[in-house]
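Have a look at the structure below before the remarks.
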Amino acid sequence: MQTISFPLLTNTLSFPNPLTSFPPFSIHFPTALPNNRLRVSASSPSTSSTITVENSTSDNSTAFLIRARNKIGLLQIITRVFKILGLTIDKATVEFEGDYFTKKFFVTDSHGNKIEDDENLERIKRALTEAIGGNGDGGGKVSVSTANRGIVVRRAGLVEGFGERKAKAERMFSLMDGFLKNDPFSLQKDILHHVEYTVARSRFSFDDYEAYQALAHSVRDRLIERWHDTHIYFKKTKSKRLYFLSLEFLMGRSLSNSVINLGIQDQYAEALNQLGFEFEVLAEQEGDASLGNGGLARFSACQMDSLATLDYPAWGYGFMLSFMIKYV
C-alpha cells in the first residue's frame, strides 16, 4: 500500500484581516495610489514578456496587463497563479499580435477590493513572471518561497538533447501542454467517455455505481496530470524525499477530498446534476480504504495531510490487508 501526497492540489491560501500581519502573503489597504504602473522586464517588449499593473483603470479592481508569447496552456497557468494567491478574476480581455498575446486581468483580493499595497503587488508580479518565464515562452515556475506553492509548467525544455530528439519533444509537448478543462460541459464529456470506454456501459443507461466509477476515473485523470508534473519538478530540482512508514493510515474516502482539493466541486455537482445524478449520492458509493482506524491510523493520516499542505515531497508506506479489516 502506498499513499502519495500531492503538493500541488491544496488551495487553502486566504487573506487575513487587513490589520493582521500573516506571512508570507497578506493584504492591507493604505490610501489609494493615483496610478501604480509598474513593469517587469528590462528587455524590449517585442522580444520578451511584460507584466504591467494598473490601479487607475478601474475603481473596484486592479488590472494586470500581461504580454507573452502565445502558447497552449499558458493562459490556464496565469489564472492558476491568481487562484493560488487567493485572488479573484472579475473579467479579462485578450488581444493577439502574431506569436504574442496581450491579456488584461481585472482582479480583486479575497474581500473583493483592489490591491494597492506595493509589496503585495510585487509578490504577485514576481509569481506571474516566474510562471510564464522571462522570455514569454511559459517556461518558468513559481517557487514555494515566492507564492507559497510550487507550480510546474510543462515545456519541451525539460527534455535534454538536440536535433531529431528535440524536435520530437517539441511536437509532443505542443500536443500535451495543457491540463484538462474543468468546466461542467467538459466534465460531462469526460464522465460519459469513462462510462462507455472504461466502465464499458452504455452512456444512455447506467446506474449510480457505474456513474461513480466514471466520476472517479475523471477525477483520477486530473490528479495524474499534477502527479506527473510534481514528479518532474522534484526530479529536476533534485529535492530530498521523505518516506513515512506506518502500520496504519486512516485516510478516509478519497473522492470528495480530491475534488475539493482540485477546487472543482461545484463544477462536478453541476455537471452531474445535468446528467440526472447527485454528487453527494455518488460519493457515498465509495467504500472505506480499510487501512486502520486506531490512534496510530489517525496520527499517520494527519501527518500525511500536514506534509502535503507544507509542500513536502512525501510518500506514505504501510501494509495492505487483502482479506480482512484490522480494528484496533
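First residue of the sequence shown? That's 1 in the UniProt record's numbering, and the numbers climb one at a time after it. No residue lacks a Cβ here, since even glycine has one placed at the ideal position from N, Cα and C.
If the five residues before and after Phe206 are omitted, its C-beta is found closer than 8 Å to the C-beta atoms of Val195, Val199, Ala214, all from its own chain and listed in chain order. Classified as buried, Leu85 has 16 or more neighbouring CB atoms from the shown chains inside 10 Å of its CB.
Taking a 10 Å sphere around the C-beta of Phe64, we find 16 or more other C-beta atoms and assign the residue as buried. For Lys240, no alpha helix (DSSP H) segment is defined, and its DSSP state is neither H nor E. Between the alpha carbons of Ala308 and Glu270 lies a gap of roughly 28 Å. Across the set Phe234, Thr79, Leu291, Tyr317, the C-alpha of Thr79 shows the shortest separation from the C-alpha of Ala131. The DSSP-derived three-state label of Val94 is strand. Secondary structure of Thr129 (DSSP, three-state): helix. Ser300 is a Cβ neighbour of Gly316, given a cutoff of 8 Å.
Counting every other CB atom within 10 Å of its CB across the protein chains shown gives Asn55 a total of 16 or more, marking it as buried. A check of alpha carbon separations from Ser306 across Gln285, Phe279, Phe244 identifies Phe244 as the nearest. At a Cβ-Cβ threshold of 8 Å, Lys103 and Ile66 count as neighbours. Taking C-beta atoms under 8 Å as the contact rule, Phe106 and Phe82 fail to qualify, at a distance of about 11 Å. Rounded to the nearest angstrom, the gap between the Cα atoms of Asp109 and Thr88 is 6 Å. Segment contact: the stretch 273-287 against the stretch 240-257, three or more CB-CB distances shorter than 8 Å; contact assigned. Secondary-structure assignment with DSSP links Ala63 through a beta bridge to Glu54, Phe106. Along the stretch 199-282, the beta strand (DSSP E) occurs as fully enclosed runs of 3 or more residues at 242-245, listed in sequence order. Inclusion of Arg222 and Leu291 in the CB contact set at 8 Å is not warranted, their separation being larger than that value. Counted as a single uninterrupted DSSP element, the alpha helix (DSSP H) harbouring Tyr197 occupies residues 184-197. Leu247 sits close to Phe319, with the two beta carbons spaced by under 8 Å.
For Gly295 and Val53, the gap between their C-alpha atoms comes out near 51 Å. Under DSSP, the beta-bridge partners assigned to Phe101 are Ala68, Phe96. With a 10 Å radius around the Cβ and a threshold of 16 neighbouring Cβ atoms, Phe249 comes out buried. Per DSSP, Gly316 lies in no alpha helix (DSSP H) segment; the continuous beta strand (DSSP E) that holds it begins and ends at 314-317. For the pair Ser239 and Trp227, the Cα-to-Cα distance works out to about 15 Å. Annotation: Ile115 to Met304 spans about 35 Å, alpha carbon to alpha carbon. As DSSP reads the structure, Ile89 sits in a beta bridge with Val107.
In the three-state DSSP reduction, Gln76 falls in the helix class (H, G or I). For Asp305, the enclosing alpha helix (DSSP H) begins and ends at 295-309. Taking all protein chains shown into account, Asp229 has 16 or more neighbouring C-beta atoms within 10 Å of its C-beta and is therefore buried.
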